[in-house]
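Peer 1:
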Amino acid sequence: MVLITEENLKIMNSRTLALARRYLKQGCLKRIVVNELEKNAIYKVEGTIQVSSYENICHFFINVPLHSVYSTHCECPWYFDDEHICAHIGMLMIYLTKVDIQNFPYTSQKEASPYSLYNEDYLARRQRIEEELKRIQMEESYQKTRDLILQQKDNQDHLVQLELQTQQYDILPVFSFLDFDAFLLSFTVGAQKQYTIKNIPDFLHWIDNEQYHRYGKQLGFIHTRNVFTQQAQKYIEFMRMAYATPDYDRYYYRYNNSRFIRIHSLLPAFYAAFKDDPNVPIREESFVMPIHIKKEAKHYTISLVWDKEEHILTNDHQMFALQDNPFEIIHYAIRPQSSIATLFSALSENPLHIPFDEYDDFERYILDPAREYLQITEGQELLPASNALHIHHPIVYGDMDENETVSFHATGKDEQGNTIELLYNEKISFDWTIELIQKFLENYATWIDQETHTIYMGLEDERTLDFLQQGITQLQKYCDVYISDALKKLGKRTKYNLQTGIRIDNGLLEIQLESTDFDVNEVPNILQAYHRKKRYFKLKNGQLLHLESDQLQELDELMQDFDIHEDEIKDGKLQLELYRTLGMNERLNHAESLQVYREDSLTEYIQGFEERKSKIACDPHYASILRDYQKRGVEWLLMLYQYNLNGILADEMGLGKTLQVIALLDSIRDKEKHTLIVCPASLIYNWEDEIRRFSDTLSCISITGTKEQRKKRIHDISKYDILITSYDYLRRDIEEYQDITFEYVVLDEAQNIKNQKTKNATSVKELHSRHRLALSGTPIENSLAELWSIFDFLMPGYLFSYHYFKTQYESPIVLNQNEDVTKKLRSFISPFILRRTKKEVLKELPDKVDHQYLIDFSKEEQKLYLANLTQASKELQAKMNEPHIDHIAILAALTRLRQLCCDPRLLYDNIQKPSSKVQACIELVQILTEHNKKVLLFSAFTSLIDLLTQELEQNQISHYVLTGSTSKEERRQLVHAFQTDNTQVFLISLKAGGTGLNLTAAEAVIHIDPWWNISAQNQATDRAHRIGQNANVQVYRLIMKDSIEEKIVKMQERKKDLADTFVEGNDGSLSKMSKDEILSLFQRD
């Protein structure tokens, strides 16, 4: 039974049919299987076809009664659908026209050659290995499931036990008093019966992890915090605190285990936590210390008279006594300010000897603060009589006189009720509160007058305001403080009446400051004082102006954001360039303290800009030419023109930026208005062609030729609407443009001025024009400095000086990833950048499909490559230790390795055989051209293009070549020819043809070597994937496996974050690498 007829073969075009017959003739059919799904009706055909080293599997169905083939599919990239089948399916169909099948299922397999037998043996081994791996993986999965079930079962059991566990457990302290240096604390736990906690750290661990532990036959439970009584939880926290205290001595003598806590240094904390616990024997007592005084020849001797058995511990101005039989903690209540604890500790060791001439100080600082706890049992009469005054109820007074002098003094009452000056009064006995008041005021003093017992604070002193705002509140904790109304007003943060009026006047943005609290003419001086961190400013009317104000702070922040100096405010008025309008309005929208009033002129301006509508209409001629998104782009450009603003048209390459600019210029055309377009030299004629193609009215001329020819054309400007020149010609001819004011200066590929210090950048910025426009699909490739340079051309000063931009924006964003600064910069630039991607606006443009082919070195190539890699790594490792990186040496080493990846013949004359990569490339080209695909083949090396040219000629594949040496006129002719004739391959140098070419006739793009900057590679790809392309574009990148090329590709993916933040679509660069990144390229994997 013959399943396929000649009629069925007509679904293939002639080229596919011829290729299918050729495949069958060459024996490419490896295997075919035909199954009968419905008797004498429906059949499924499956086949494996091997062409060169590529193997493809395909299938289709046959309906014999209807004579139809349907549901076709093949793995290859040339299969599309049932109506556009590939040659692999076609070969199976031809085969079935020649066989009469009687039995199903039908199988035919190519006779195995030794090579294929080797492959089948390899495949069989590989299949067995894969099956074993699957078995192991499945067993691991089974075990993982079992573990998961067991874990969940344990969790459920744990939860059930917790739910049923209602008993609460108590913890009791156990005190062990071995001697006065060994007061130990341990604990027991339980409910009806108590069990010893033998290891406190383990006990805490069980609680933290909710673990079950059994203490004995009658006690075992899951340890959670909730199962303990509230009092027990206090003991638990004390245990944690003890073991978390860095200087706590938890080990003592033979009790160096974790059962005991040595409590001496922890007594204050223990007392604070458990003084009310009935299980802790604590007794409160008043403290009396008996002393004996003896007068000797040169000094007084004071001795401690202590006959009690308890051991006194002093700590943190507290005193405790420990005694045994029964064990008891005695806490003595003493004032924290008293010196009794210090005096007791000193006398416990030895008597004190006080020279006669030092007794007054001893009495003032030691005896008087401790006197209420002393009992002088002998020698009281030997001490000199004390004349010191004892003061109570201290009060601090503050005032400011007419000379703006701030003063403070303090008074109190003696025992007879007399008012006494407290500051610097030696007649007063030592009092902790008075001493604190005096020291506290001294911290803020500008000068002190001890004779009048007064402390003065100067208004110019920053500490004065700190005291008025914060210090008084703190001082009130210790005494009453009374201050005058003048000081109260001075200490309060001031709220001004400060209004901001904003309007547009005479083409400028005008901000008017108004206030009823001060003369706005004084604002510059007020701001200068604010910048010097002054707290007050004396107005011309004599009033003091408090500089800590929300309004003043917000005004200063606003001026800093826009790099405005206070000297720019004249008569309370600030005038700015019109381009500041949007940013200033947005900033004032978030003003919280300033009162903002907008006049109608500003409101109308903002509304018109936000609606993106221009009063100037686009020329009707373009209504049927422009796509919808291009019409919106032209409206945006006309809106910028109407509002005297400039911007960047940053559409992705291939979306027609050139056409949108032509429509703009046609819409504003005037015989007195002239435009200068500056572009790369390779695009001059492209602009001229596009203008003449789309416009019926615009006249243009290219400024090319000799110096005299260019000069004459420039001087003939009145004859033309548009002059087109290159960046290089502009640098040479800049003087000829000095007397010309253009209506528009348009920069194409504006990234050419990304370096602000280059001649390209300085030359275009010398041009005179009323309007400016930048075109760039990649306005940021490596740094924000590039964006600044373009804006410096468009609107000088808009992004401020570069120094200010770098410190306020670039460094915080790049070095610190500051999101707030990033957001602020984005809000500044977004109104003036229009960016659309193909994905957003061109749904009808076919997607490009990327293929990355990894190619193995031959043995000889690998040896050669590794030898060069080792040598380069050694040399660069040595250079990396030098102070400055030798970029030239690095580039040379990288280039050498890349050339070896492409073809060793680029470096070695004794090698004749084409490289593995070149062979793979030619094989791919053959397959593509056999399927009637036109190919763009890009390389960064012209010497490699020469080798590829030889290979194409040997294989009789028609081709064109475009390199940097190709003239502009020849370049245009080659592009036109490739677009219209049957030439199969266009070999292009990446730098020469990466931009400005329209090659939509190509349906395949091959990058034979990876380029440093992925955006350049994508630009090259976009020569084919752009407007006018009606087919799917296949993109192939040929990469040598385990080589520097593969590392470059991986590194490219990590280099795209910065540009994506501000202008989407840039895919990174290898131009700025760290030392580690550079060395990693030369490391052998």
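Every number in my numbering is 574 more than the matching position in the sequence shown, counting from 1. Each residue gets a CB set at the ideal place from its N, CA and C atoms; glycine is no exception. Predicted, not measured: the structure shown is a model, and the values here were computed from it.
Under 6 Å Cβ to Cβ from Leu921, same chain only, skipping five residues before and after it: list those, please.
Peer 2: Around Leu921: Leu878.
Peer 1: At which residue ranges does the segment 1106 to 1146 contain complete beta strand (DSSP E) runs of 3 or more residues, listed in the order of the chain?
Peer 2: Listed in chain order, the complete beta strand (DSSP E) runs (minimum 3 residues) inside the segment 1106 to 1146 are 1110 to 1112, 1118 to 1120.
Peer 1: Is the number of C-beta pairs between the segment 838 to 856 and the segment 923 to 941 that are closer than 8 Å three or more?
Peer 2: Because the criterion of three Cβ pairs below 8 Å is not met, the segment 838 to 856 and the segment 923 to 941 do not touch.
Peer 1: In terms of residue numbering, what span does the beta strand (DSSP E) encompassing Asp776 cover?
Peer 2: Segment 774 to 782 is the alpha helix (DSSP H) holding Asp776; no beta strand (DSSP E) there.
Peer 1: Would you tell me roughly how many angstroms separate the C-alpha atoms of Leu593 and Phe678, rounded to the nearest one?
Peer 2: Going by the C-alpha atoms only, they are around 29 Å apart.
Peer 1: Going by the beta-carbon positions, is the gap between Phe802 and Gln741 smaller than 8 Å?
Peer 2: Not in contact: Phe802 and Gln741 (Cβ atoms no closer than 8 Å).
Peer 1: Hey, is the segment 647 to 657 in contact with the segment 601 to 611, meaning 3+ C-beta pairs nearer than 8 Å?
Peer 2: In short, these stretches do not touch, since the Cβ pair count stays below three.
Peer 1: Our contact map puts Val1509 next to Val1559 with C-beta atoms below 8 Å; I'd like the distance itself, whole angstroms only.
Peer 2: So it is a contact: roughly 5 Å between Cβ atoms.
Peer 1: Alpha carbon to alpha carbon, what distance is there between Phe1367 and Val1338?
Peer 2: Cα to Cα, Val1338 sits roughly 7 Å from Phe1367.
Peer 1: Ile1354 by DSSP, collapsed to three states: which one?
Peer 2: Correct three-state label for Ile1354: coil.
Peer 1: Which one of Thr1028, Asn1017, Tyr1030, Tyr947 has the shortest CA to CA distance from Leu1049?
Peer 2: Among Thr1028, Asn1017, Tyr1030, Tyr947, the Cα nearest to that of Leu1049 is on Asn1017.
Peer 1: For the segment 1026 to 1080, which segments carrying the beta strand (DSSP E) assignment without a break, of at least 3 residues, lie completely within its bounds, in sequence order?
Peer 2: Segments of the beta strand (DSSP E) lying fully in the segment 1026 to 1080: 1028 to 1031, 1054 to 1057, 1072 to 1079.
Peer 1: Return no unless some Cβ of chain D is closer than 8 Å to the Cβ of Thr1516.
Peer 2: Although the question refers to chain D, the structure presented lacks it and comprises just one protein chain.
Peer 1: Where does Gln1012 land, buried or exposed, given buried means 16+ other C-beta within 10 angstroms?
Peer 2: By the 10 Å Cβ count, Gln1012 comes out buried.
Peer 1: Looking only at DSSP bridge pairs, what is Tyr597 linked to?
Peer 2: Answer is none; Tyr597 lacks a bridge partner.
Peer 1: Taking the Cβ atom as the reference point for each residue, do Arg1305 and Asn1334 lie within a distance shorter than 8 Å?
Peer 2: Taking 8 Å as the Cβ cut-off, Arg1305 and Asn1334 qualify as a contacting pair.
Peer 1: Should the segment 1041 to 1061 be called in touch with the segment 1081 to 1093, which here means at least 3 C-beta pairs below 8 Å?
Peer 2: The answer is no - the segment 1081 to 1093 does not touch the segment 1041 to 1061, with fewer than three Cβ pairs under 8 Å.
Peer 1: Should Ile1562 and Leu1522 be called a contact, given that it needs their Cβ atoms to be closer than 8 Å?
Peer 2: No. Outside cutoff.
Peer 1: Under 8 Å between the Cβ atoms of Ile1242 and Ile1298?
Peer 2: Cβ atoms of Ile1242 and Ile1298: not closer than 8 Å.
Peer 1: What are the boundary residues of the alpha helix (DSSP H) that includes Tyr1401?
Peer 2: Checking the displayed sequence, the identity of residue 1401 turns out to be Ser instead of Tyr. Where Ser1401 is concerned, the enclosing alpha helix (DSSP H) stretches over 1393 to 1403.
Peer 1: Only counting the same chain, and skipping five residues up and downstream in sequence, which positions put a Cβ closer than 8 Å to that of Gln954?
Peer 2: Cβ within range, chain order: Ile867.
Peer 1: Less than 8 Å between the CB atoms is what I'm expecting for Pro910 and His891, so what's the real figure, rounded?
Peer 2: Indeed they touch by this definition, with Cβ atoms about 5 Å apart.
Peer 1: Decide if Thr1503 is buried, meaning its Cβ has at least 16 other Cβ atoms within 10 Å, or exposed.
Peer 2: Counting Cβ neighbours within 10 Å, Thr1503 comes out buried, since at least 16 surround it.
Peer 1: In terms of DSSP beta bridges, what is Gln1426 paired with?
Peer 2: Answer is Arg1611, bridged to Gln1426.
Peer 1: Please go through the same chain and pick out, in chain order, the residues whose beta-carbon is closer than 7 Å to the beta-carbon of Pro598, but skip the five residues on each side of it.
Peer 2: Residue 598 is actually Leu in this sequence, not Pro. Cβ within range, chain order: Met665, Ile668, Tyr669.
Peer 1: Does Leu997 come out as helix, strand or coil in the three-state DSSP assignment?
Peer 2: Coil.
Peer 1: Let me know the secondary structure DSSP gives Pro864 once reduced to three states.
Peer 2: Note: Pro864 maps to strand in three-state DSSP.
Peer 1: If you drop the 5 nearest sequence neighbours on each side, which residues of the same chain put their C-beta closer than 6 Å to that of Thr1595?
Peer 2: Contacts found: Val1579, Val1609.
Peer 1: Considering just the uninterrupted stretch of the beta strand (DSSP E) at Tyr796, what are its terminal residues?
Peer 2: Note that residue 796 corresponds to Ile in the displayed sequence, not to Tyr. 793 to 796 is the span of the beta strand (DSSP E), which, as asked, contains Ile796.
Peer 1: Using only the alpha-carbon positions, how far apart do Asp1225 and Ala1324 sit?
Peer 2: Rounded to whole angstroms, Asp1225 to Ala1324 spans 13 Å at the Cα level.
Peer 1: At which residues does the alpha helix (DSSP H) containing Lys1013 begin and terminate?
Peer 2: Lys1013 -> alpha helix (DSSP H) spans 1006 to 1016.
Peer 1: Between the C-alpha atoms of Ile1618 and Gln1657, what's the straight-line distance to the nearest angstrom?
Peer 2: Each residue's alpha carbon lies about 9 Å from the other.
Peer 1: Look up Asn800 in the DSSP assignment and say whether it is helix, strand or coil.
Peer 2: In this structure, Asn800 counts as helix in the three-state DSSP scheme.
Peer 1: Within its chain, find whatever has a CB closer than 8 Å to the CB of Ile1613; leave out the 5 residues flanking it on each side and keep chain order.
Peer 2: Result list for Ile1613: Gln1426, Tyr1427, Leu1428, Ile1429, Pro1584, Glu1619, Glu1620, Val1623, in chain order.
Peer 1: Out of Ile723, Lys618, Phe1552, which one is the CA nearest neighbour of Ile663?
Peer 2: The shortest C-alpha separation from Ile663 is found at Lys618.
Peer 1: Is the beta carbon of Thr1007 less than 8 Å from the beta carbon of Tyr1052?
Peer 2: Yes.
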